[in-house]
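So for the sequence shown, our numbering puts the first residue at 573; every next one is plus one.
Just so you know, even glycine gets a beta-carbon here, dropped at the ideal spot from N, CA and C.
Report on the structure given below.
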Amino acid sequence: MRVTDEEKKRAESVTQFPEILQQAGIRTIHKGRHMGRWHYNGFDEVTTLQPHSQFWKLYEKYFRGLRNRNKALGKILDGMYWYTKKVITALEGESPDDLAELLDTLRPDEQFYSTLHLMDTHMPYSANEDVAAEYLQRFDYDGIKMEKLIEQQGDGPWLLDQRANLIEDDNNTPTIEEVKAWYDASVTHADEKIGRLIKELKERGMYDDTLLIVLSDHGESLDEHGIFFDHHGLYDQTVQIPLVVKPPHREKFDPGTTVKTFTQITDVAPTVLDYMNVGAEAGNFDGATLRPLIEGDDDGWTEREAILVEEAHTQRRRALRTYEHKYIQSLEDDLECRYCNVVHGAEEELYDLAEDPEELKNIVDENLEAREELSEITEALVASYELREATDDQSDVTYEDEDIVADRLEALGYK
Ligand SMILES: [Zn+2]
573 MRVTDEEKKR
583 AESVTQFPEI
593 LQQAGIRTIH
603 KGRHMGRWHY
613 NGFDEVTTLQ
623 PHSQFWKLYE
633 KYFRGLRNRN
643 KALGKILDGM
653 YWYTKKVITA
663 LEGESPDDLA
673 ELLDTLRPDE
683 QFYSTLHLMD
693 THMPYSANED
703 VAAEYLQRFD
713 YDGIKMEKLI
723 EQQGDGPWLL
733 DQRANLIEDD
743 NNTPTIEEVK
753 AWYDASVTHA
763 DEKIGRLIKE
773 LKERGMYDDT
783 LLIVLSDHGE
793 SLDEHGIFFD
803 HHGLYDQTVQ
813 IPLVVKPPHR
823 EKFDPGTTVK
833 TFTQITDVAP
843 TVLDYMNVGA
853 EAGNFDGATL
863 RPLIEGDDDG
873 WTEREAILVE
883 EAHTQRRRAL
893 RTYEHKYIQS
903 LEDDLECRYC
913 NVVHGAEEEL
923 YDLAEDPEEL
933 KNIVDENLEA
943 REELSEITEA
953 LVASYELREA
963 TDDQSDVTYE
973 DEDIVADRLE
983 ALGYK
């Protein structure tokens with residue numbers, strides 16, 4: 573997966589949200605796992621590359637060709653990789669995900685903005701073995717051998733092959749149910765890290781004054797719609813994400829309240845700016861501050877009837893999510909997914925979410941009126957988004973670490 577020159581130019585020509593905070597004199601820190609280079613604009617401090625990631629880079633450089641040429645040898649090399657990774661991880665600990673070190677460096681009353689990027693719930697899922705084993709016993713997972721699935725899917729689909737190799741399993745043949753238990757255990761693992769962060773904030777007397785937002789950038793399809801342990805497709809498994817907000821002003825909100833309304837990731841930046849008194853108007857944002865929702869000010873929030881989502885990597889599709897329906901349309905003639913070598917959905921899909929929340933029964937042919945209406949709303953929403961052009965004087969953008977980043981993304985299962 574390569575970012576195009578045009579995309580790099582656009583990313584660099586837009587003022588990014590941490591840059592606005594940095595310019596306002598707020599200390600900005602990125603902790604946890606690495607992100608794409610262009611996400612670092614505006615950060616005073618960023619995490620250094622973890623030793624096991626550096627090891628992966630070396631492994632990829634010297635062994636990838638060999639591994640791909642000979643499957644038996646590949647398995648031995650992969651086994652060596654996982655073993656060495658385990659040793660390195662045991663030695664280095666989990667400190668890159670830990671904010672305690674950062675909190676110790678803050679001066680009293682210093683305003684800071686920090687991201688803590690956890691990757692535990694991202695393939696390869698990072699979980700505690702015992703917890704995964706316990707979940708496997710406790711919950712009723714269904715599944716079959718991963719190898720069997722690969723056979724069923726025909727001629728070496730890249731994604732499944734990649735996933736089978738990425739599971740930390742001695743014989744590389746976990747069952748689907750084992751991987752699902754691993755995934756659930758990885759959610760618990762991430763949850764524990766957030767719990768530790770809250771404990772650290774409380775111990776330092778910082779919790780009440782801190783705005784804490786927990787969210788994910790996508791969900792995960794565990795086997796739904798023929799998408800295995802990945803996050804493409806515009807079904808709710810992937811596009812519906814957790815969003816938990818703990819505002820800094822305890823007296824103005826009711827803890828534990830769930831607000832049922834459409835929000836989007838684009839609302840996060842205006843929310844942070846609002847709470848930090850930097851002013852939501854400081855940037856040109858597609859989203860809106862969530863503060864009225866958090867503080868129960870219904871008049872301050874404009875209700876959204878529908879959300880528009882798009883994907884363009886493994887397949888080009890666009891979807892409209894309303895409270896009642898999901899309407900999905902393909903934007904290309906070839907419907908076959910480039911990762912899975914299968915067709916995940918028809919050219920046009922319509923689901924009644926009250927009747928069919930799993931999005932299994934496509935009712936587009938029987939509901940032409942709803943299709944027409946949803947298609948019109950989709951067009952109107954698409955037209956409402958203004959294309960932000962890169963400025964003409966922006967020369968080509970190159971990042972020194974592009975090859976490293978490409979390797980890292982492939983290691984995470986992207987191609
Ligand atoms: Zn696919």
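Under the three-pair Cβ rule at 8 Å, the stretch 690-700 counts as touching the stretch 749-767. By alpha-carbon distance to H611, the top candidate from Q595, A596 and A583 is A583. Residue range A878 to E883 is occupied by the beta strand (DSSP E) that includes A878. Residues with their Cβ less than 6 Å from any non-hydrogen atom of ligand 1, running along the chain, are I799, H804, T886, C909, Y911, C912 and H916.
Distances from the alpha-carbon of E673 to those of R768, Q594, T693 and L638 put R768 closest. Less than 9 Å divides the Cβ of I592 from the Cβ of G614. Bounds of the alpha helix (DSSP H) holding Y847 are V840 to Y847. Counting C-beta pairs closer than 8 Å gives three or more between the stretch 802-822 and the stretch 767-783, which meets the contact rule. Taking each of E867, F684, D577 and E908 in turn and checking the Cα distance to H602, the smallest one comes out for F684. Leaving aside the five residues that flank H761 on each side, the residues in its chain whose CB is nearer than 7 Å to its CB run, in chain order, D692, S698, A699 and N700. Contact between E682 and R599 holds: their C-beta atoms lie close to 6 Å from each other, under 8 Å.
Per DSSP, the beta bridge partners of F684 are R599.
Exclusion of the five residues before and after E920 leaves Q901 and V936 as the residues of its chain whose Cβ lies within less than 6 Å of its Cβ. Per DSSP, T894 is one residue of the beta strand (DSSP E) stretching across R889 to T894. In the DSSP annotation of this structure, the continuous segment of the alpha helix (DSSP H) that includes S956 starts and ends at L940 to S956. Cβ neighbours of E908 within its own chain (closer than 6 Å, five residues either side excluded): V915. In this structure V844 is not in contact with A596, their Cβ atoms being roughly 11 Å apart against a cut-off of 8 Å.
When only Cα atoms are considered, W873 and T656 end up about 52 Å apart. Judged by DSSP in its simplified three-state form, D937 adopts helix. In the structure shown, L815 adopts extended strand secondary structure according to DSSP, grouped into three states. If you draw a straight line from the Cα of E951 to the Cα of K898, it comes to about 15 Å. Judged by DSSP in its simplified three-state form, V751 adopts helix. Comparing alpha carbon positions, the residue from D905, I879 and M848 closest to V954 is I879.
When the beta-carbon positions are compared, D870 and Q836 stay at least 9 Å from each other. In the same chain as L675, and ignoring 5 residues on each side of it, the C-beta atoms closer than 8 Å to its own belong to E772, L773, R776 and M778, in chain order. Listed in chain order, the non-local C-beta contacts of T886 below 6 Å within the same chain comprise H804, C909, R910 and Y911, local neighbours out to five positions each way being set aside. Annotated as proximal: L922 and R943, with beta-carbon spacing under 9 Å.
Under the 10 Å beta carbon count, D906 is surrounded by fewer than 16 other beta carbons and is classified as exposed.
Counting only the Cα atoms, E882 lies some 18 Å from T576.
Only residues of its own chain outside the window of five on either side were considered, and among them T600, G614 and D616 have a CB closer than 7 Å to the CB of Q594, listed in chain order. Secondary structure at K832: coil, using DSSP grouped into helix, strand and coil.
Linking A884 to D802 through their CA atoms gives a straight-line distance of about 15 Å. Cα atoms of L932 and E945: separation of roughly 21 Å, rounded to the nearest angstrom. The C-alpha of P929 lies about 20 Å from the C-alpha of K752.
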